[in-house]
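Heads up: the sequence shown at position 78 corresponds to 231 in our numbering, and the numbers run straight through without jumps.
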Amino acid sequence: MKCLSLSDAVRSVLNSEIERLETLCQDWLHIKTSTPELSHDVIGLIDAAVGQARLLMSKKFSQFRGLIERCEKSFEHETEDPPVTCSDLDGYWDMTYIQVENIDIRFNKLKKLKENNWTEQDIVPKHKQNTGLVIRKPMKTQVKSSLREMIAAARKKKQQADILQMNDSVEKNVGIFTVRTPENVGK
């Protein structure tokens with residue numbers, strides 16, 4: 154019964170979010186049509202926010218509603234599909250709600266634009282207006298040079314080992330070639 158009550162609660166939250174977003178879309182479409190002095194940029198921002206909200210409601214929310222129904226059927230053992238658990242619903246909602254928050258940010262930006270008589274100059278935070286360049290010197294660390302020294306020492310040691318190995322080799326003349334092989338090969 155716990156999952157069924159959770160699915161009812163999730164369905165209620167989903168329906169309230171759909172209603173809230175649909176109201177926001179209606180309000181902003183009304184503002185768009187009733188305010189002739191809007192610039193093309195502001196109209197584009199309204200269209201983008203409304204479009205993103207409607208896309209979310211038509212795609213993700215309808216998919217979420219289907220998952221709620223599958224969860225209820227899984228609980229009642231009425232489906233042969235893989236079961237949808239309450240934690241699946243919770244995880245899907247968490248991922249979807251990130252998009253809801255992004256849409257809210259868009260609508261809040263539009264609200265601030267409207268409050269500022271459709272100018273963007275007051276929206277930009279003051280700390281972002283600073284365009285001074287900060288030049289940083291690259292940090293030199295001792296680790297890099299000691300790593301280089303270790304690599305160089307390893308290469309030198311390998312070269313010395315190769316030279317010693319060549320000195321311990323057996324030379325055979327085979328026609329026009331001289332073949333050098335280590336002494337312990339074949340023993």
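No residue lacks a Cβ here, since even glycine has one placed at the ideal position from N, Cα and C. If you're wondering where the values come from, they're calculated on a predicted model, not measured in any experiment.
If one requires a minimum length of 4 residues, the alpha helix (DSSP H) runs lying completely within the region 173 to 251 are 193 to 208 and 215 to 228, in chain order. Between the alpha carbons of Thr-238 and Trp-246 lies a distance of about 13 Å. Beyond the five residues adjoining it in sequence on each side, Ala-307 comes within less than 7 Å, by CB distance, of no other residue in the same chain. Excluding five sequence positions before and after Cys-178, the CB atoms of its chain that fall closer than 7 Å to its own CB belong to Val-203, Ala-206 and Arg-207, given in chain order. Separation of Lys-310 and Asn-255 (C-alpha to C-alpha, rounded to the nearest whole angstrom) is 59 Å. When secondary structure is reduced to three states using DSSP, Asn-255 falls in the helix class. With respect to the 8 Å criterion, Ile-171 and Met-210 are classified as neighbours on the basis of their beta carbons. By the C-beta density criterion, Arg-223 is buried, having at least 16 other C-beta atoms within 10 angstroms.
Residue burial is scored here from C-beta neighbours: Ile-221 has at least 16 other C-beta atoms within 10 angstroms and is therefore classed as buried. Counting of Cβ neighbours within 10 angstroms places Leu-182 among the exposed residues, the total staying below 16.
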